[in-house]
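Chains as they are written, first to last, in this note's numbering: chain H, 1 to 844; chain A, 845 to 980.
Heads up: the structure comes next, in C-alpha cells.
Quick look at the structure:
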C-alpha cells in the first residue's frame, strides 16, 4: 500500500515553509524602515510569519522522520537511505545522508536560530530577520521539487518523492503500487556514532555563520556601523566553536572509520569547511579588536561577509557536482547547480553592493596603529589566517576554473596537485609557524601596554622555557627535520607564553582567560598534528624489495603484510598473528568466531554450533539463535611486543553489495604516547570462487585419528537428526550428523557434515572449517564395519593483507581540540554577559 | 611609507606567490601518449590519466594481474584515445576496483610501465541506485 498522505503533508509543509519565509522577509523589510524598540504592526506580522515558518519546518522534519521510522519504502528517500535492520539512532543519520535531508537540517537550524534571535534581541529584529528570512527562502527552494509549468525548470529536489516517480524501473509499469520489502540501507561507513552527531554540528556551525552576517548587513543597511558588532560577537564565537568542533569531529570519524590512515586528507570537501572557519576565526579577532579599541571596523565587515559567502561557495562546490572527479566524497548532482549559483550570487552581489555604497560613510581611525600596539599584531594575525585560507581555496577551486574556461570554449586540462597532502603541508606548515608565534606574542600585547623594554622583560622567561622544553622534546622524540623543529619551537612557545598569561589572568579574573586557553589548545593541536602526521610510521613495512614486473626494473617496498591464519610474522617490534574471522553479536556485544556459528536463512540470525564463551563465561549455549550485524566481519590480529605483552585488534571489513563491495575500517590501540592503527587492505572475497583441492577419502571408525592436511582429526560422535532446516524428513528418511574434531595449532575445531537418505536418494551436506581451509563431507556409512567414509577437500588457508601504522602523540591533538573548545566557551560566556548588560540598559 | 602600505604590498606579494606556485604544482589530465612523451623528456611530475578498464563481450574485465603475494597488482587501462597501457599499483587491489566505470590514475611512466601512486575510481552504483527489482 502506498501511504501517500504523509508525503503530501510533508510536501505541503515545504510549500508553506517557502511561502511564509517570503512573507516574513517582506514584512520584516517594511518593518525595518521604522527601527527601534517601538511596536510596529509590520514587525508583528513578520514575527507571525516566521513563527509559522518555524512550525512548518518542524512539520517537514516530522514527516520525513515518520516515513523513515515506519519503513515506508514506497518513498525514494526511505528506500535509498534506510533499511529494516537499521537501529533507531542510525535512522537519525540516514535522515541527513541524502542531499535533501542535509538541506533540511540546515533549514531547521536556521529556523531555530531565527527564533532565538527574535526572543533575545529586540532592537535588531527587523533588519536581522529580513536577511534570515531571505536565506530561508533560498534554502527552502532547494527542497521544493516543483516543475515550473511552461518553462520546464525543476526547482529543488523534494525528499518526499515516491520511488516510482524517482526511478524508472520496469516493475512499476506492471505493478504501479509495488512497494519494496526493504530499503537499500545506510552506507555502512556512516553507521558510526560520530556520523550521528558530526553533520548536525557542522550544519549548526554553518547556520551560526549566518547570524553575524545578518547583523553586519543590518548594521550597514541601518547605518549603525559601530553597533552591530556587540550582539554579533557572541554569535561569531559560538559559530567558531561549533564549526571547529564539527570539522574535528569529521576528522575523528575519518580516523576511526576510513582507512586512508589519518584524520585529514585535504579533500575538497574538507577544505570547503576549513577555509570559512579560518576566515571566521580571523573575523572574531578583528571584532574583538574593534570592541576594545574602535579600530578594524572595515576589516570586520569584510571578514564577516566573506565568511558567509565562503559558506555559500563551499555549499556550491560540494553539492553542484562541479568537483566531480577531484573529490572522493562529494554529493551526487541533483541538478541544483543553477539554483545554488543564484543563491551564491544573490548574497555575494547584494552584500558587495551594500558595502560599496556605505564604504565612504564608515568611520575610520586616522591614527596609524603602532607596531607596539595589540591592534597591529592581531590585525597581522587575521591577515595570516586569511592568507592561510586563500592558499587552500585557490587549488581547491581548480575544477571551477576549468568549468569557467569551458564556457568560453577553452579546453583546460588542469588537475589538482597530484600529492595533495605534501602540497598543502608545505604552505600550511609555515603559516602555522607564523600563527603560533603571533598568538604567543600577541597575548602579551593584549594584556599590557608595551614598549621595547617591557616586551623584552615579559618575553625572556617564556622564551627560555620554550627553548629548554623544545630541546628536551627534540632529544626524546628524535626530531631531525629542520621545518619540524621550527614548527615545534613555535608551537611550544605559544603553549608556554599563553600558559604564563593564563596563570596571570586566572587569579585576577578567570572570566577573561578564554583567549589564553584557546591559544594553548591551538599550540597543542599543532604539536599533535606535527608528530602524528610527520612521524607516522608504517610498521607493517615489508623490506624484501620485490621486483615489480618484468617490464620494469624498479624495486618497491610494500607497506602491507600478508598473514595466513595462525602463522605469526615479525614486524617492527611486534609479532603479528592473524587468528581468524569474527562476527559481532548484538546483545551482549562480543566477538564470535565464525567457525562456531551456523548461518540461517536470515542473514542477521545465526545459531551457535557450540557453547560460546567470553572471558570464561558462557554467553551463548549450543543451539542458541544469535542476532549479529551481518555486514561486519572483524579480523582478529594478535600483537605481541618485545616484552611479551600481547593484545588483540579487530579491524573490520564491511560487505555491502549495494554500496560497492567491501569497505575496510581500522582498529586502533590507543596509548598516551602513540596510537597503533591497523586496517585490512585486502581480504579473501566472500563471493569469489574458491579453488578446492581434489577430494581425499578416509575410511575411519569413531575415535580413531586420521590426518587431514597434517592436522590430527577424529570422529567425536555421530547422531541421528530428526529434523534439518529447509528439508522435509518423511518416515523412511534418515539423516546422520557426523561431528569431527580437528586439532588446529591453536585450538580444536568442530566440523559437522550431514549424510542423509531421502526418498531413497543419498544427499550430503558438507561443513567447512574456514580457519583451516578444510571442507568435510560424509561420503558413506558402513554399519557392518562401524566405520565412515569421510571426504576432505582443502584450499589455501584463510589470509588477510593488512597495514599497520604508529601515530605518535595523536592524543595531544585531540586534547588540544578539547582545550580550544573550552577556551571558546569561556570567551562566549564573557561576551554574552556584555551583550546582556547592554540589553538590560535597553541598548539592544 | 606607512606601515599599512608595507603590509598591503607583502600580502599581495604572498597572494601572487601562492597563485604562481599553485599553477606550477597543479597536475594535469593527459593521455598516455602525452604522459610517455613527458617522461621521455625527463619530466617526472605526477599527472592524471582518465580511462576505462577493457572488458570482454560478456562484461568480464581483462588484464588484471595480482602479484603472487597479493600485496600489489597491475592492470590494463584504456585512455580516452583508446590507447592500452599496463599500470602498476604498489598496493593491494582496491575492493571496488572491478566495478568502477571510470578510473583515474595519478602517477608517471617508469620506462614502459605506468606507475600509479594513487587510483581514483568512479563507481556509479556507490551512492545512488539506478533501478529497483522485485527481489529487493
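Where a beta carbon is used, it is the ideal one built from N, C-alpha and C, also for glycine.
Straight-line Cα distance separating residue j from residue i
i: residue 418 of chain H; j: residue 877 of chain A; result: 19 Å
i: residue 50 of chain H; j: residue 22 of chain H; result: 9 Å
i: residue 210 of chain H; j: residue 235 of chain H; result: 9 Å
i: residue 659 of chain H; j: residue 377 of chain H; result: Its pLDDT being 48, under 50, residue 659 of chain H is placed unreliably in this model, and the value from its coordinates should be taken loosely. Taking the straight line from one Cα to the other gives about 51 Å.
i: residue 335 of chain H; j: residue 321 of chain H; result: 8 Å
i: residue 139 of chain H; j: residue 103 of chain H; result: 7 Å
i: residue 264 of chain H; j: residue 665 of chain H; result: 16 Å
i: residue 755 of chain H; j: residue 739 of chain H; result: 11 Å
i: residue 972 of chain A; j: residue 78 of chain H; result: Low confidence applies to residue 972 of chain A: its pLDDT is 45, below 50, so where it sits in the model is not reliable, and the reading given next is rough at best. Looking at the two C-alpha atoms, the distance is approximately 13 Å.
i: residue 383 of chain H; j: residue 855 of chain A; result: 8 Å
i: residue 572 of chain H; j: residue 745 of chain H; result: 24 Å
i: residue 969 of chain A; j: residue 169 of chain H; result: Annotation note: pLDDT 41 at residue 969 of chain A (below 50); position unreliable, coordinate value reported separately. Roughly 15 Å separates the two Cα atoms.
i: residue 625 of chain H; j: residue 766 of chain H; result: 21 Å
i: residue 679 of chain H; j: residue 782 of chain H; result: 49 Å
Chain-ordered chain A contacts of residue i [CB-CB under 7 Å]
i: residue 371 of chain H; result: 847
i: residue 681 of chain H; result: 935, 936
i: residue 414 of chain H; result: 870, 872
i: residue 391 of chain H; result: 862
i: residue 398 of chain H; result: 870
i: residue 717 of chain H; result: Result: empty, since nearest Cβ-Cβ is about 39 Å, beyond 7 Å.
Neighbourhood of residue i by C-beta, 8 Å cutoff - its chain only, sequence neighbours within 5 removed
i: residue 4 of chain H; result: 162
i: residue 119 of chain H; result: none
i: residue 719 of chain H; result: 736, 737, 739
Boundaries (first-last residue) of the beta strand (DSSP E) holding residue i
i: residue 614 of chain H; result: 612-614
i: residue 142 of chain H; result: Unbroken run through residue 142 of chain H is the alpha helix (DSSP H), 125-142; no beta strand (DSSP E).
i: residue 711 of chain H; result: 711-720
i: residue 575 of chain H; result: 574-584
i: residue 570 of chain H; result: 569-571
Within chain A, the residues that residue i reaches when beta carbons sit closer than 9 Å
i: residue 337 of chain H; result: Ordered by position in chain A, no residue passes the 9 Å Cβ test against residue 337 of chain H, which lies about 17 Å from the chain.
i: residue 642 of chain H; result: Residues of chain A passing the Cβ test: none, with the nearest at roughly 25 Å.
i: residue 387 of chain H; result: 855, 858, 859, 862
Residue i burial status per 10 Å Cβ neighbour count (16 or more: buried)
i: residue 586 of chain H; result: exposed
i: residue 817 of chain H; result: buried
i: residue 722 of chain H; result: exposed
i: residue 74 of chain H; result: buried
i: residue 471 of chain H; result: exposed
i: residue 830 of chain H; result: buried
i: residue 735 of chain H; result: buried
i: residue 149 of chain H; result: exposed
i: residue 921 of chain A; result: buried
7 Å CB neighbourhood of residue i in its chain, flanking five on each side removed
i: residue 699 of chain H; result: 787, 789
i: residue 362 of chain H; result: 225, 297, 298
i: residue 815 of chain H; result: 524
i: residue 257 of chain H; result: 189, 192, 665
Close Cβ partners of residue i (< 6 Å) along its chain, the five nearest in sequence each way excluded
i: residue 668 of chain H; result: 675, 677
i: residue 949 of chain A; result: 893, 931, 960, 963
i: residue 863 of chain A; result: none
Neighbouring residues, chain H, relative to residue i (Cβ below 9 Å)
i: residue 925 of chain A; result: Correct list: empty, because the minimum Cβ distance to chain H is about 13 Å.
i: residue 950 of chain A; result: 415, 418, 419
Range covered by the alpha helix (DSSP H) that runs through residue i
i: residue 838 of chain H; result: 810-840
i: residue 99 of chain H; result: 99-120
i: residue 865 of chain A; result: 847-869
i: residue 355 of chain H; result: 337-359
i: residue 89 of chain H; result: 88-95
i: residue 410 of chain H; result: No alpha helix (DSSP H) holds residue 410 of chain H; DSSP gives it neither H nor E.
i: residue 249 of chain H; result: 229-257
i: residue 391 of chain H; result: 374-396
Under 7 Å by beta carbon: chain H residues contacting residue i
i: residue 866 of chain A; result: 394, 395
i: residue 902 of chain A; result: What residue 902 of chain A touches in chain H: nothing, since even the nearest Cβ is about 16 Å away.
Chain H residues whose Cβ lies nearer than 8 Å to that of residue i
i: residue 914 of chain A; result: 562, 682, 799, 801
i: residue 961 of chain A; result: 418, 419
Contacts that residue i makes with chain A (C-beta to C-beta distance below 8 Å)
i: residue 586 of chain H; result: The premise fails here: residue 586 of chain H is roughly 23 Å from chain A at the closest Cβ pair, so nothing lies under 8 Å.
i: residue 383 of chain H; result: 851, 855
i: residue 556 of chain H; result: 916, 934
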